[in-house]
Amino acid sequence: MPIEYSEREKPYELYRKGKREGTWDPDDYDFEQDREDWEQFSEQEQHRFLGSCAAFYDGEEDVTRTLAPYMMALDALENEEMPFDVVQEQMYLAQQVYEEAKHTDLFSRYFEQVFGTHDTEAYREGGYQEAGYSTDDLYDTADELLAAITSGERQQLVYALGEAYLNYMGIVEAQLARSGYLSFDQMIELKAEEMGRDVVLESFQEAIGKVRQDETRHIENGRWVLSKLVEAEPDIVADVYEPRIDEYVQNRVLTEPQQEMPFEGYDEKKIGKQTIQYLQDTIDYIGAEQFEEYSDVRATVSGKQAAD
Ligand SMILES: [Fe+2]
Ligand SMILES: [Fe+2]
Numbered sequence: 001m002p003i004e005y006s007e008r009e010k011p012y013e014l015y016r017k018g019k020r021e022g023t024w025d026p027d028d029y030d031f032e033q034d035r036e037d038w039e040q041f042s043e044q045e046q047h048r049f050l051g052s053c054a055a056f057y058d059g060e061e062d063v064t065r066t067l068a069p070y071m072m073a074l075d076a077l078e079n080e081e082m083p084f085d086v087v088q089e090q091m092y093l094a095q096q097v098y099e100e101a102k103h104t105d106l107f108s109r110y111f112e113q114v115f116g117t118h119d120t121e122a123y124r125e126g127g128y129q130e131a132g133y134s135t136d137d138l139y140d141t142a143d144e145l146l147a148a149i150t151s152g153e154r155q156q157l158v159y160a161l162g163e164a165y166l167n168y169m170g171i172v173e174a175q176l177a178r179s180g181y182l183s184f185d186q187m188i189e190l191k192a193e194e195m196g197r198d199v200v201l202e203s204f205q206e207a208i209g210k211v212r213q214d215e216t217r218h219i220e221n222g223r224w225v226l227s228k229l230v231e232a233e234p235d236i237v238a239d240v241y242e243p244r245i246d247e248y249v250q251n252r253v254l255t256e257p258q259q260e261m262p263f264e265g266y267d268e269k270k271i272g273k274q275t276i277q278y279l280q281d282t283i284d285y286i287g288a289e290q291f292e293e294y295s296d297v298r299a300t301v302s303g304k305q306a307a308d
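Counting in the UniProt record's numbering, the sequence shown runs from 1 upward without gaps.
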């Protein structure tokens, strides 16, 4: 069935936007000045900054390697029975997987040329990796999608897709990555201030700006699909979305890892507040009135914190 150009849905519009915005090349950035700046970071500062970069490097590779089953699962659905055009969404994901590969490419080159290592494991201890919600989970999510495709059962397939989009776009991209950008902003700003400079790691910030722009489209597409899956299976909110969001809140919002913070003036609370707002935005996009426990994220999280 051909795609009708005149009947473009959200994923097609985002795909068109991505054709214009998503064509940047990591190889165009010169990292010479960044390498000089990097040498001005103390050992503790390097360790902390590398901790965040290692999570991103691993994360970008994980999202690149686990997206293909989403396209296969969409393809297994009967398009006429769905409240959106699954083919347009497949086109969108085809673009996304290319962009994720490019993000992996950027981190790979930056690790090589600026950090002088490809070791991520050494920098990830004490972080969230052990707290039960890392991008490693995306491999299990991909396996569950493949199992749902094999089952051939429509509800199982829609539920598996809902869980997959929630994990990938709803949490890894909308929550973990975006709070990571805020952390980069603060560390870089504080270091520039300390050095009496306007900016440090300028190429890093510019390239990450491009990654962020790509991710904004990924997140918007993900939220849109999550809302469409509710039209297909209204119980998905109570059966899939809310338990998964609660798991994220328990593991990543209520549990704070104790990490050394060598950048003086770093404001973790500010990032925490913004991160809660991101989750609220996702829930509002899907329709807050459909959520029982998480219609008001701030109130629910405060209640849980008080009960602890
Ligand atoms: Fe990415
Ligand atoms: Fe992404």
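In this text, a Cβ means the ideal position worked out from N, Cα and C, and glycines have one as well.
Pair within 8 Å by beta-carbon distance, residue i and residue j
i: Phe107; j: Phe49; result: no
i: Phe263; j: Glu45; result: yes
i: Ser295; j: Ile283; result: yes
i: Phe111; j: His118; result: yes
i: Lys191; j: Val200; result: yes
i: Pro202; j: Gln90; result: The sequence shown places Glu at residue 202, not Pro. No.
i: Gln88; j: Ile3; result: yes
i: Asp58; j: Thr135; result: yes
i: residue 310; j: Gln213; result: With the chain covering 1 to 308 only, the question about residue 310 has no answer from this structure.
i: Ser52; j: Phe184; result: yes
i: Glu78; j: Val158; result: no
i: Glu144; j: Glu173; result: no
Integer Cβ distance of residue i from residue j, believed to fall under 8 Å
i: Lys10; j: Asn167; result: Between Asn167 and Lys10 the Cβ distance is about 20 Å, and since that is not below 8 Å, they are no contact.
i: Tyr29; j: Glu206; result: 7 Å
i: Glu100; j: Thr64; result: 4 Å
i: Leu226; j: Gly265; result: Not confirmed; about 37 Å, so no contact.
i: Arg35; j: Gln113; result: 7 Å
i: Arg124; j: Ala54; result: 5 Å
Reduced DSSP category for residue i - H, G, I as helix; E, B as strand; rest coil
i: Gln40; result: coil
i: Arg217; result: helix
i: Ala131; result: For Ala131, the pLDDT reaches just 46, beneath the cut-off of 50, and the residue's location in the model is therefore unreliable, leaving the point undetermined.
i: Gln259; result: coil
i: Ser295; result: coil
i: Glu289; result: helix
i: Ala307; result: helix
i: Tyr241; result: helix
i: Met82; result: coil
i: Phe56; result: helix
i: Gly265; result: coil
i: Leu229; result: helix
i: Phe204; result: helix
Nearest neighbour of residue i, chosen from the options [CA to CA]
i: Ser151; options: Ala76, Asp235, Glu39; result: Ala76
i: Arg16; options: Thr141, Met71, Tyr92, Asp140; result: Tyr92
i: Ile236; options: Gly51, Gln156, Ala101, Phe41; result: Gln156
i: Glu153; options: Gln33, Gly22, Leu74; result: Leu74
i: Asn161; options: Ala142, Ala207, Asn79; result: A quick correction: the sequence has Leu, not Asn, at residue 161. Answer by Cα proximity: Ala142.
i: Gln186; options: Glu268, Glu78, Ser42, Glu36; result: Glu268
i: Glu163; options: Asp137, Leu182, Tyr181; result: Asp137
i: Gly272; options: Asp105, Thr120, Leu176, Ile149; result: Leu176
i: Arg217; options: Val114, Gln95, Gly196; result: Gln95
i: Tyr241; options: Asn251, Gln290, Glu144, Gln259; result: Gln290
i: Tyr139; options: Met71, Asp62, Asp198; result: Asp62
i: Arg109; options: Tyr278, Pro26, Leu229, Asp198; result: Pro26
i: Glu13; options: Asp85, Glu81, Arg178, Leu145; result: Asp85
i: Gln229; options: Met82, Thr66, Ala68, Asp37; result: Strictly speaking, residue 229 in this sequence is Leu, with Gln absent from that position. Closest by alpha carbon: Met82.
i: Leu254; options: Ser302, Tyr278, Thr66; result: Ser302
i: Glu189; options: Lys19, Asp281, Asp37, Phe115; result: Asp37
i: Thr66; options: Asp308, His47, Leu146, Val297; result: Leu146
i: Leu182; options: Lys304, Lys270, Asp281; result: Lys270
i: Leu279; options: Asp105, Glu194, Ile219; result: Ile219
Extent of the continuous alpha helix (DSSP H) run through residue i
i: Ala94; result: 86-110
i: Leu190; result: 178-195
i: Thr150; result: 137-151
i: Leu67; result: Unbroken run through Leu67: none, as it is neither H nor E.
i: Gln156; result: 154-165
i: Gly18; result: 10-21
Can you list the residues near ligand 4, meaning Cβ strictly closer than 6 Å to any non-hydrogen atom, in the order they appear in the chain? The model on display carries ligand 1 and ligand 2 but not ligand 4.
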